[in-house]
Each structure stands twice: as C-alpha cells, then as structure tokens.
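Reading through the structure tokens given below for one structure.
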Amino acid sequence: MSISLRGLTIHEIQKYLLEGGKLTDDYQTADMLLQSFVPLRAEYYEIAFLGDEYCVRTQGREYEAVRVPRTLGGVMILIANIEALNAKCALYIAQGGRNGF
2 MSISLRGLTI HEIQKYLLEG GKLTDDYQTA DMLLQSFVPL RAEYYEIAFL
52 GDEYCVRTQG REYEAVRVPR TLGGVMILIA NIEALNAKCA LYIAQGGRNG
102 F
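In the working numbering, each residue's number is its place in the sequence shown (first place is 1) plus 1.
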C-alpha cells in the first residue's frame, strides 16, 4: 500500500522510507518530498514548478540548468544532482550572465 506525504513531518517521512514504505507517484507527494530534502531557493538557483516539470534555473530566469519530470524519479534526480546544478548556475553568472556577480 502506498501513501501520500501530506501532513507528515520530515522525520516521519524518513522513517517511513527507511522501513521500505511505498509512495504514491503524484504531484503532491513529489512536491512534498522535494521540499523536504532540497531548498527551493539558494544563492545561485531556484526550483520552479512548471506544469509537469521541475526547472532548476538562475533566480532571474535567464538560465535553465535542467528540467526534470514532476515525479518521484525527477525528485531523485534533483536530490542526487543539486550541488552540480547549483555550480552550473553559479558558473553561468560568473561567466557574465546577469552581468557577473
């Protein structure tokens, strides 16, 4: 049986997943999981919810580092690669995007 993460704390989510719990692959569950494990805004990037995709881009919307599906698989891709995506956005800015730092 799979559940939605609505109303669960981060600790409860982690415990449920470590015990082998199954999740419903829908937008609400994916959004909650993403917000639980990855900051939606950082110094060089923001994560935007664009319909059925997540978009990691610079905060001024000039550069998109990646788009992934708005599913549990897409969330896993973002969790695994968020440091590299942050670096890609920072590198874009450092090379003259957004008029440099």
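Yeah, the Cβ is synthetic: ideal placement off N, Cα and C, and Gly gets one too.
Inset, instruction - With a 10 Å radius around its C-beta and 16 neighbouring C-beta atoms as the bar for buried, classify A81 as buried or exposed. - result: Sequence index remark: in the sequence shown, residue 81 carries index 80 (1-based). Burial state of A81 is exposed, judged by a 10 Å Cβ sphere holding fewer than 16 other Cβ atoms.
Inset, instruction - Determine the DSSP secondary structure at L51, reduced to helix, strand or coil. - result: As a first step, residue 51 must be located in the sequence shown, where it is residue number 50. Of the three classes helix, strand and coil, the one that applies to L51 here is strand, per DSSP.
Inset, instruction - Give me the Cα-Cα distance between L7 and F50, rounded to the nearest whole angstrom. - result: Along the sequence shown, read from residue 1 onward, the residue named residue 7 stands at position 6. Along the sequence shown, read from residue 1 onward, the residue named residue 50 stands at position 49. The sequence as given places Arg at residue 7; Leu does not occur at that position. If you take the alpha carbons of R7 and F50, they lie about 18 Å apart.
Legend entry - R42 - partner residues in DSSP beta bridges: Walking along the sequence shown from the start, residue 42 turns up at place 41. In the DSSP secondary-structure assignment, R42 is bridged to E47.
Inset, instruction - Indicate the three-state DSSP secondary structure (helix, strand or coil) for E65 in the structure shown. - result: Counting from one through the sequence shown, the residue named residue 65 turns up at place 64. E65 falls in the strand class under three-state DSSP.
Inset, instruction - Confirm, please, whether the CB-CB distance from R68 to D53 is below 8 Å. - result: If you number the sequence shown from 1, residue 53 lands on position 52. If you number the sequence shown from 1, residue 68 lands on position 67. No, the Cβ-Cβ distance between D53 and R68 is not below 8 Å.
Inset, instruction - Over the uninterrupted alpha helix (DSSP H) stretch that includes E84, give me the two end residues. - result: Counting from 1 along the sequence shown, the entry for residue 84 is found at position 83. From DSSP, the alpha helix (DSSP H) with E84 extends over 73-95.
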